[in-house]
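S.K.: Encoded as structure tokens, here's the structure I'll be asking about.
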Amino acid sequence: MQDKINEIEQSIDKAVQDVKSSKTLQEIKMKFLGKTGTISALMKNMRDVPADERPKMGKLLNALREWCENKFDELENRIKNLELKKKYADEKIDVTLPGKKPEDGAIHPNTLVKRELISIFAGMGFEVFEGPEIENDYYNFTALNTPSDHPARDMQDTFYITEDLLLRTQTSAGQVRVMENKKPPIKILSPGKVYRSDDDATHSPMFTQMEGLVVDKGITLCDLKGMLDEFAKKIFGENIKTRLRPSYFPFTEPSVEVDVSCFECGGKGCRLCKGTGWIEVLGAGIVNRRVLEGCGIDPDIYSGFAFGMGVERIAMLKYGINNMKLLFEGDVRFLKQFKA
Ligand code: DAH
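Residue numbers (my numbering): 8 to 347.
Set out below in structure tokens:
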């Protein structure tokens, strides 16, 4: 028996000689000390040993097991220490290496313009109201004096969700919601996304509008013109003039198209203003009596003006952007240029 024990001890010594990882060590340990390992097998054989020899054999086997356990414990400790040292060495950080600078973002030109517009109009006493992007036919069209058989519906290619629900085509829809809930004096600004089935270099199926509405006693086209002059100077520059051209919108009467004098050439005529000296920036007009009436506001007592502009269009003019798609693609090479 002693020979067998010596043999086992030798084979353990040999097996662990070159062991470098605790995983391999564990495997070897199981081979000898595991439930089905060599030593456990010897222990089981004790049953067949004659009774008078059992105590002696038991002692020998226990000593062997103890020797084994001590051996593996000691090796385990040593290998774990080595592994830990290696791990620390691998994870060492060289604090003298130059740092990586995180890229800072820039505010999107559309947001810049939107904020600037809000700040200009807030300075004139306008309050911001945001209406829903999914509207029903009534707010987007009918209440704005555009019933379903009205030819003006063809001015806008609408995305319908159901027969009655649609993606709003204009922030003008919010005007009605405001007038239904608030009595004059009203002075609101309504920015938001609008949707139209339209797609080319200057049109996008989704774009941003900024709507304004003023209702009070004695509001006239002169008030609109005065406010627009002020607005144009603030957004495009001190020397900018405005002019009104007759136009048509179902919800305003009279309706106008508002031009600003070309800020590129000062009105002499250039490529930007296509030689005319003027650039169209928004639509506006005196709120149609029928719209006021529909909202429960007496048009014989109150009157109002409204205006609506495309935020992307203002951004394109202000920053000299020639394709609207640039404002939606999120290309950092483009957006970087607007870093403050
Ligand atoms: N809603 C018009 C459009 O999308 C723009 C507009 C024109 C708004 C005249 C107004 C307005 O409030 O008075 O084309």
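Idealized CB from N, CA, C, for every residue including glycine.
#1: Leaving out five residues before and five after Asp164 in sequence, what residues of the same chain have Cβ atoms less than 7 Å from its Cβ?
#2: Note down, in chain order, each residue of its chain lying with its Cβ closer than 6 Å to the Cβ of Met217, except the 5 sequence neighbours on either side.
#3: Mind checking Met37: buried by the 16 CB within 10 Å criterion, or exposed?
#4: Excluding the 5 residues flanking Ile141 on each side, which residues of the same chain have their C-beta closer than 7 Å to its C-beta?
#5: Using three-state DSSP, classify Met213 as helix, strand or coil.
#6: Run the proximity test for Phe256: is its beta-carbon closer than 7 Å to any non-hydrogen atom belonging to ligand 1?
#7: If you compare alpha carbons, which of Gly292, Tyr309, Asn152, Val221 is closest to Ala129?
#8: Would DSSP call Glu300 helix, strand or coil?
#9: From Val267, Cys302, Asp307, pick the residue whose C-alpha is nearest to that of Leu324; which is it?
#10: If we count Cβ pairs, one from each stretch, closer than 8 Å, do we get three or more for the segment 286-299 versus the segment 257-272?
#11: Answer yes or no: the CB of Thr209 versus the heavy atoms of ligand 1, is any distance below 7 Å?
#12: Strictly by DSSP, which residues pair up with Ile286?
#13: Taking 8 Å as the threshold (C-beta atoms), are Phe133 and Gly219 in contact?
#14: Report all residues from its chain with a CB closer than 8 Å to the CB of Ile193; omit the five preceding and five following residues, and keep chain order.
#15: Strictly by DSSP, which residues pair up with Ile193?
#16: Since Asn88 is in the beta strand (DSSP E), which residue starts that stretch and which ends it?
#17: For my contact list, Trp285 and Cys269 are in at a C-beta cut-off of 8 Å; report their separation, rounded to the angstrom.
#18: Please classify Ile195 as buried or exposed, where buried requires at least 16 neighbouring CB atoms within 10 angstroms.
#19: If we call anything under 8 Å between Cβ atoms a contact, is Gly233 one with Thr178?
#20: Below 8 Å between beta carbons: does that hold for Thr209 and Met331?
#21: Let me check understanding here. Comparing Cα to Cα, which of Asn152, Asp338, Ile226 lies closest to Gly301?
#22: List the DSSP bridge partners of Ile141.
#23: Say the cut is 7 Å; is the CB of Glu218 nearer than that to a heavy atom of ligand 1?
#24: Can you grab the Cα-Cα spacing for the pair Met53 / Glu60, in whole Å?
#25: Does the beta-carbon of Tyr95 have 16 or more other beta-carbons within 10 angstroms, so that it is buried, or is it exposed?
#26: Per DSSP, what are the beta-bridge partners of Phe314 in this structure?
#27: Apply the 10 Å Cβ neighbour rule to Ile114 and answer buried if 16 or more other Cβ atoms are within range, or exposed otherwise.
#28: Using a threshold of 7 Å, is the CB atom of Gly292 nearer than that to any non-hydrogen atom of ligand 1?
#29: Rounded to whole angstroms, what is the Cα-Cα separation between Ile308 and Ile226?
#30: Which word fits Lys121, buried or exposed, when buried means at least 16 other C-beta atoms lie within 10 angstroms of its C-beta?
#31: My output table needs one value for Gly273: the three-state DSSP class, helix, strand or coil.
M.R.: In short, the structure shows the following:
#1: Arg203, Ser204, Asp205
#2: Leu124, Pro198, Met316, Val318
#3: exposed
#4: Ile168, Leu172, Leu174
#5: strand
#6: yes
#7: Val221
#8: helix
#9: Val267
#10: yes
#11: no
#12: Val267
#13: yes
#14: Val185, Met186, Leu220, Val221, Val222, Asp223, Gly311
#15: Val222
#16: Here Asn88 belongs to no beta strand (DSSP E); instead the alpha helix (DSSP H) covers 61-97.
#17: 6 Å
#18: buried
#19: no
#20: yes
#21: Asn152
#22: Leu174
#23: yes
#24: 10 Å
#25: exposed
#26: Gly219, Ala291
#27: exposed
#28: yes
#29: 10 Å
#30: buried
#31: coil
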